[in-house]
Structures are given as C-alpha cells and as structure tokens.
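Notes follow once the structure below has been shown.
Number of protein chains: 2
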Amino acid sequence: MSKHTGFVKGKGLLVVLSGFSGAGKSTLTKKLLAEYDYAYSVSATTRKPREGEVDGKDYYFVDRETFEKLIAEDALLEYNEYVGNFYGTPKEPVLGNLENGKDVILEIDVNGARQIRKQYPEAVLIFVTAPSARELAERLSGRGTESVDVVIKRLTQSIKEKDDALSYDYLIINDDLEETAKHLNSLIQDQHMRLSQQGKYLDDFVKEMKDLLASLK
Amino acid sequence: MSKHTGFVKGKGLLVVLSGFSGAGKSTLTKKLLAEYDYAYSVSATTRKPREGEVDGKDYYFVDRETFEKLIAEDALLEYNEYVGNFYGTPKEPVLGNLENGKDVILEIDVNGARQIRKQYPEAVLIFVTAPSARELAERLSGRGTESVDVVIKRLTQSIKEKDDALSYDYLIINDDLEETAKHLNSLIQDQHMRLSQQGKYLDDFVKEMKDLLASLK
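Listed in order, the protein sequences are those of chains P and W. Here the numbering used here = 1-based position in the first sequence + 78. Here the numbering used here = 1-based position in the second sequence + 78.
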C-alpha cells in the first residue's frame, strides 16, 4: 500500500451523488471526472438510445429480458423502473474498481441511494442542492427547454425528496461550479481517513508495534 | 445565517482530538489554534500548577471539593482521574461557543472521547497517529526526556488504545506537520456539510419552495 499524507490509500470509495433536479449534479459529476481521478459507473437501461448516445459509454443498452436476468442474478447494486424503463448499476465493474483502489462515482436518485446504503454501508452519500429554492427554480426555468408545468412538477418533487436527503451523509450547496467541484473532491478524498477505511492500517500498526516491543525487551 | 460556498454555517462543531502518545496531537492542536479560527476548551484539574502554567489558560486549577461539585452538578462534558488527579472539560464554555457558531477543539484521551460521544453524539472524533510504529517509537525516544522504561510503557499503551481508536470517525496520519494541519483543518471544515449540521437548511429550503410554488399557481 502506498502512503499519502494524512491517510493510507487502501480500497476505493463508493460515492453516491444525488440532488434536487436543477442543482447541477450532472455538471458537477462531469467536472469531477474530467479533473480528478474517479471511475464513473455506467448504468444499464432498457430504454432506447437517444441520438448520439453510445452503448457502453452513456449507458449499457439492454433489452428487458437481459435486464430481468441481471436482477435475478443479483448482478445489480441498485435498480429502478422509471416511466416504463429499467435503470440499474451493474455490480461487477463497480466492485472491481473499488478493489483496485479506485474511487467510483454513482450519479443516481434517492431510491437507488437507499438500495446502495443497504448493500454497501461504507458508501459515502452526498446530496447536491442549490443555494435557495428560488435559485433552483430559476435554473430549471432558465434552461428554457421545459414547460412551466414540468418545472412545477420538478420543484414539487424536490419537496418530496427532502426526507430522503436527510439520510445522506453530506449536503453540498452548489453555488459556484468551480468552487463546489473543488470542495466536493476534497470532501470525498477526506473520507479515505474514515476509520472504516483505515482498519488495516491499525492492524498493521499493532503488529509492527508488538514486534518492535519484543525486540526492545 | 451567512452562506459559504459548500455549506450554510450554523452551529459550531465539537471536535475531539486524541492520538497515540508521540503522534504529535498537542503540536497539531497548537498549530490549528494559531492558524485557524477555533476555540480551545481549557480543562479543569485538581493537580497543582507547574511552573509557568497560567490559571484559566493552561488549566482551571481547582481543589478536589470544587471538582467533585462540578461532577455532582453535571457541569462537565467528560472527566477522568489520572495518577490521583481529576481532569475534566467544563460544559458551559464549550456549549456557549458551539451555540455561537464557533468550532471547539477538545484534546482529550480515549476515555474522555467515549464520554463525549455519549453526551454529544454530533461530535467529530479524530484520532492522530504516526506513519508507523517505528516512527512513533523514534519520536518518543528522540525526545530524550523519557527513560526507556517510560517509552516502552507508552508504546505498550498504544496497543491497548487500538480498539478505542476504531470507534473514532477519522484517523489521520501525522507525517508532515504543515501538511497534516492543513489536511486536518479541511477535514474538520468539511464536517459542516454533514446532514446532521444542515437540517435547518433543508427545512428553510422546503418552506421557501412551498411559498414559491404557491405564488406560481
């Protein structure tokens, strides 16, 4: 294991990013992936690819039968059905990356996060929000691509998600994208210092200390 | 409440710093207090002042009767008896600082930390260690002020403290003092983003969102 200032780098961290619609979690995720060393988990889905979407990069596009097989084989860390389509996180690439010491980012919703927490309690759950409700509304309507009805629906949804948000580990307010991405990266990296990540360091330490004391006596 | 990038500053954090003897937690604490904006909790003790120690700065020096009164009145966050003397953390100044949004650092041992966890579950418990057992032994014997027997006793103690260390939130390896102090400060500041600290933000957010939606309809 390599030594870093502050902590011993061991297994990777599983990081779940969720947030209110319009809070900017997708942009933040893209920025983290572009500027820092994270693995991104590509989801599997039964929905048809949109123009420009690449299989294996944007999603793994599979048919319903294949998806149901993945569920039956417990090959997904979490999955959901949304407007008639399945979406899920294939387990194997995530666990492989974690074993290799790589931190993995999952950008999923509150239902998925709940499933992750059960299957993988060491995961770090981070919820992204805007500085205020007004700012969130302005960002959503400012996109200009959604009707007022859709904006209202999404804002109403954010009220419902509040109780789920309370079960996350951290809440980060996305005010300035550059600053928030930096902050988010430092928050994630600090989680390597969690005792749950550093148990092996302490075991090694005690073993070394016992040998040392034996040699002194 | 003032807004910062990343989080809303509300109540202060109670930060407990413990660590193996020789890991450098006192030096780290001094550095944090000198360079960042923390309140330090002055302990009360029944031991006699040493030369140069100032009452109210290094310790509150009190007699045994006064200390026992503090215990009886539940005026201490934690206390211990060590080589015939009492040591404890007066509750009121700590809670006052936290209410005023000031982060408070307690440099106490694993027994005190256990009591803090019970009385104040939101506290952040950080354990400081050296990069290796050998390094810890070298630091302790390098002081030149302790006999080999005392060094061996302290190293043996560190093995006993390992299980207590496991119940802390974070473990930080004090490799380079400057770097570790910076890292420690960022780790502490990030804890303001804990959901347990940001519940009020979410309440305010939902209230604002409901008003906003009502005005849109």
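For every residue, glycine included, the Cβ atom is placed at its ideal position computed from N, Cα and C.
Report task. Given a cut-off of 8 Å, decide if residue 181 (chain W) and residue 116 (chain W) are closer than it, judged by their beta-carbon atoms. Result -> Judged by their CB atoms, residue 116 (chain W) and residue 181 (chain W) are nearer to each other than the 8 Å cut-off.
Query raised in the report: Is residue 156 (chain W) near the ligand NAD, with its Cβ less than 7 Å from a heavy atom?
Result: For the ligand NAD, the structure offers nothing, since it holds no ligand at all.
Query raised in the report: Does any CB atom of chain W fall closer than 8 Å to the CB of residue 129 (chain P)?
Result: Judged by the 8 Å Cβ criterion, residue 129 (chain P) is not in contact with chain W.
**Report entry** Rounded separation between residue 104 (chain P) and residue 126 (chain W) - CA only
**Finding:** Using only the alpha carbons, I get a separation of about 60 Å.
**Report entry** C-alpha distance - residue 277 (chain W) paired with residue 236 (chain W), whole-angstrom precision
**Finding:** Straight-line measurement puts the Cα of residue 236 (chain W) at about 38 Å from the Cα of residue 277 (chain W).
Query raised in the report: Which residues, in chain order, does the segment 263-277 of chain W contribute to contact with chain P at a C-beta distance below 8 Å?
Result: Listed by position along the chain: 264, 265, 268, 271, 272, 273, 276, 277.
Query raised in the report: Using 8 Å as the limit for Cβ to Cβ distance, is residue 283 (chain W) near chain P?
Result: Chain P contact via Cβ: present.
Query raised in the report: Within 8 Å (strictly less), CB to CB, does residue 236 (chain P) reach chain W?
Result: Yes, contact with chain W.
Query raised in the report: So, does the CB of residue 183 (chain P) fall closer than 8 Å to a CB anywhere in chain W?
Result: At least 8 Å separates the CB of residue 183 (chain P) from every CB of chain W.
**Report entry** beta strand (DSSP E) runs wholly inside the segment 104-152 of chain W, at least 3 long, in chain order
**Finding:** Listed in chain order, they are 121-123, 137-139.
Query raised in the report: Considering only residues of the same chain and omitting the five flanking positions on each side of residue 250 (chain P), which have a CB-CB separation below 8 Å?
Result: Cβ neighbours of residue 250 (chain P) within its own chain (closer than 8 Å, five residues either side excluded): 204, 205, 206, 207, 258, 261, 262, 265.
Query raised in the report: Ordered along the chain, which non-local residues of its own chain (more than five positions away) have a Cβ less than 6 Å from that of residue 191 (chain P)?
Result: If we look at residue 191 (chain P) and ignore the five residues flanking it on each side, its Cβ neighbours are 94, 96, 203.
Query raised in the report: When you compare each of W:163, W:141, W:168 to residue 154 (chain W) by their alpha carbons, which one comes out closest?
Result: The candidate whose alpha carbon is nearest that of residue 154 (chain W) is W:168.
Query - Members of the segment 217-249 of chain P near chain W, C-beta cut-off 7 Å - result: Per Cβ criterion, the list reads 230, 233, 234, 236, 237, 240, 243, 244, 246, 247, 248, 249.
**Report entry** Extent of the continuous alpha helix (DSSP H) run through residue 239 (chain P)
**Finding:** Per DSSP, residue 239 (chain P) belongs to the alpha helix (DSSP H) from 226-243.
Query raised in the report: Taking all protein chains shown into account, do 16 or more other C-beta atoms lie within 10 angstroms of the C-beta of residue 134 (chain P), making it buried, or fewer, making it exposed?
Result: Within 10 angstroms of the beta-carbon of residue 134 (chain P) lie fewer than 16 other beta-carbons, which makes it exposed.
Query raised in the report: Where does residue 96 (chain P) fall in DSSP's three states?
Result: Strand.
Query - Pairwise C-alpha distance: residue 248 (chain W) and residue 270 (chain P) - result: Looking at the backbone, the Cα of residue 270 (chain P) and that of residue 248 (chain W) are separated by about 9 Å.
Query raised in the report: If you check the beta carbons only, do residue 287 (chain W) and residue 233 (chain P) fall under 8 Å apart?
Result: Between residue 287 (chain W) and residue 233 (chain P), the gap from beta carbon to beta carbon is short of 8 Å.
Query raised in the report: Does the distance from the C-beta atom of residue 92 (chain P) to that of residue 200 (chain P) stay below 8 Å?
Result: Contact check for residue 92 (chain P) against residue 200 (chain P) passes: the beta carbons are separated by less than 8 Å.
Report task. Would you list the residues sitting across from residue 163 (chain P) in a DSSP beta bridge? Result -> DSSP lists P:160 as partners of residue 163 (chain P).
Query raised in the report: Is it right to say residue 130 (chain W) is buried, meaning 16 or more other beta carbons lie within 10 angstroms of its own, or is it exposed?
Result: Classification for residue 130 (chain W): exposed.
Query raised in the report: Closer than 9 Å, Cβ to any Cβ of chain W: which residues of the segment 190-219 of chain P, in chain order?
Result: The residues in question are 203, 204, 205, 207, 208, 209, 210, 211, 212, 214, 215.
Query raised in the report: Going along chain W, which residues have a C-beta under 7 Å from residue 288 (chain P)?
Result: Ordered by position in chain W, the residues that pass the 7 Å Cβ test against residue 288 (chain P) are 237.
Query raised in the report: How would you write the range of the alpha helix (DSSP H) that residue 216 (chain W) sits in, first residue to last?
Result: Residue 216 (chain W): member of the alpha helix (DSSP H) spanning 211-220, first to last residue.
**Report entry** Option nearest residue 147 (chain P) by Cα separation, candidates P:175, P:136, P:164, P:137
**Finding:** Looking only at P:175, P:136, P:164, P:137, the smallest Cα-Cα distance to residue 147 (chain P) is reached by P:164.
Query - Continuous beta strand (DSSP E) stretch holding residue 185 (chain W): start and end - result: Residues 182-185.
**Report entry** With 16 other Cβ atoms within 10 Å as the buried cut-off, status of residue 219 (chain W)
**Finding:** Buried, by the Cβ-count rule.
Query - Boundaries (first-last residue) of the alpha helix (DSSP H) holding residue 248 (chain P) - result: Annotation: residue 248 (chain P) is outside any alpha helix (DSSP H); the continuous beta strand (DSSP E) that includes it extends over 248-251.
Query raised in the report: Helix, strand or coil: which one does DSSP assign to residue 199 (chain P)?
Result: The answer is coil: DSSP assigns residue 199 (chain P) none of H, G, I, E or B.
Query raised in the report: Would you say residue 183 (chain P) and residue 118 (chain P) are within 8 Å of each other, going by their C-beta atoms?
Result: With contacts defined as CB atoms closer than 8 Å, residue 183 (chain P) and residue 118 (chain P) qualify as a contacting pair.
Query raised in the report: So which residues on chain P does residue 279 (chain W) lean against when the C-beta distance must stay under 9 Å?
Result: What residue 279 (chain W) touches in chain P: 207, 249, 251.
**Report entry** Euclidean distance between Cα positions of residue 255 (chain P) and residue 149 (chain W)
**Finding:** Approximately 50 Å between the Cα atoms of the pair.
Requested in this report: For chain W, find out if any of its Cβ atoms is closer than 8 Å to the Cβ of residue 291 (chain P); answer yes or no.
Outcome: Between residue 291 (chain P) and chain W, the shortest Cβ-Cβ separation is below 8 Å.
Query - Boundaries of the alpha helix (DSSP H) in which residue 258 (chain P) is found, first to last residue - result: Its alpha helix (DSSP H) spans residues 255-268.
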